[in-house]
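Trainee: Have a look at this one.
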Amino acid sequence: MLGGLRRSMLADCPIEQFQQWQEQAIAAGLKDPTAASLATVETNGSLWQRIVLLKGIESGGFVFYTNYQSNKGQALAVEPRASMLFPWNEIDRQVTVSGRVERVTPSHSDAYFGSRPRASQLGAWASQQSRPIASRSVLEQQYNEVLERFDGAVVPRPSDWGGFRLEPTTIEFWQGGEHRLHDRFRYQRDDDGRWQLERLQP
Ligand SMILES: Cc1cc2nc3c(=O)[nH]c(=O)nc-3n(C[C@H](O)[C@H](O)[C@H](O)COP(=O)(O)O)c2cc1C
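Residue 1 is where the sequence shown starts when you use our numbering, and the numbers rise one by one after that.
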């Protein structure tokens, strides 16, 4: 999808622009158009990243779900800032987002958890995400215990499982161009909360 990206093609609001590009990524048949690499500052000050799935854009923020006691959950409790990278390389695009992160409301998390397949709901109970475990069979044993515990019952949301919302202060759209003259546009919120847009050299 090499092609010139011009300022006149871009929406005033980067969220709107992101939604347009995401629709195009879906239409292009990308395998995981909602997958993003999420980078955080860990509790020991080092940097880490891992893939999460974008589950929606709500109140101008990028929402994903996870275990609040996982490494990323603990990291975000201490340092509530993150960056998400959507690597849409098959269509010569990437979008990078950075900003502050907060938890979504418990009722939001309840609603999303309730919509998940039962196996995923049980998995959330069976795994203490990011904690060491002795073997695969111990994990399977934990899953079987959860299966038995909730047999025939609705699976409630574990209190340590829920959503985060990244409210962006910077969003960059990158599109590959010919002769390595790629196009980059960066939106940044100014002190009055308005989006400022500038073109960057590739
Ligand atoms: C395609 C893909 C999608 C994933 N989606 C999620 C997700 O939405 N939430 C999540 O907690 N982990 C997700 N994971 C697993 C994470 O990448 C990661 O291994 C896990 O969250 C533990 O990360 P942490 O120890 O840094 O907290 C996904 C992994 C892949 C490969």
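C-beta atoms are modelled at their ideal positions from N, C-alpha and C, and glycine is treated no differently.
Just so it is clear, the structure is predicted and the values come from calculations on it, not from any experiment.
#1: Compare the beta carbon distance of G60 and V104 with 8 Å and say whether it is the shorter of the two.
#2: On a Cα-Cα basis, can you pick out the residue from V146, Q22 and A75 that is closest to P87?
#3: Whole angstroms is fine: what's the gap from P136's alpha carbon to L5's?
#4: In the DSSP output, which residue or residues are listed as bridge partners for A39?
#5: Tell me whether the beta-carbon of I91 lies closer than 8 Å to the beta-carbon of A25.
#6: What first and last residue would you give for the beta strand (DSSP E) that runs through F164?
#7: Nearest to D192 by alpha carbon, out of S83, S130, R149 and T169?
#8: Cα separation between L166 and P202?
#9: Assuming F64 and I171 are in contact, meaning their beta carbons sit under 8 Å apart, how far apart are those beta carbons, in whole angstroms?
#10: Taking the continuous alpha helix (DSSP H) assigned at D110, which residues delimit it?
#11: Closer than 8 Å by C-beta to A205: which residues in its own chain qualify, once you throw out the five before and the five after it? Chain order, please.
#12: Indicate whether A82 and A39 have their beta-carbon atoms separated by less than 8 Å.
Mentor: On the basis of the supplied data:
#1: No, Cβ-Cβ distance for G60 and V104 is not below 8 Å.
#2: Of V146, Q22 and A75, the residue nearest in Cα terms is Q22.
#3: One point to set straight first is that residue 136 is Arg, not Pro, in the sequence displayed. One C-alpha to the other measures close to 48 Å.
#4: Answer by DSSP bridge pairing, in chain order: Q49 and S83.
#5: The answer is yes: Cβ separation under 8 Å.
#6: Looking at the DSSP string, the run of the beta strand (DSSP E) that includes F164 is W161 to Q175.
#7: Looking at the Cα atoms, T169 is the closest of the given residues.
#8: Taking the straight line joining both Cα atoms gives about 26 Å.
#9: Their Cβ separation, rounded to whole angstroms, is 16 Å, which puts F64 and I171 out of contact at 8 Å.
#10: DSSP places D110 in the uninterrupted alpha helix (DSSP H) bounded by P106 to S115.
#11: Examination of residue 205 is not possible in this model, given that the chain is present from 1 through 202 alone.
#12: Yes.
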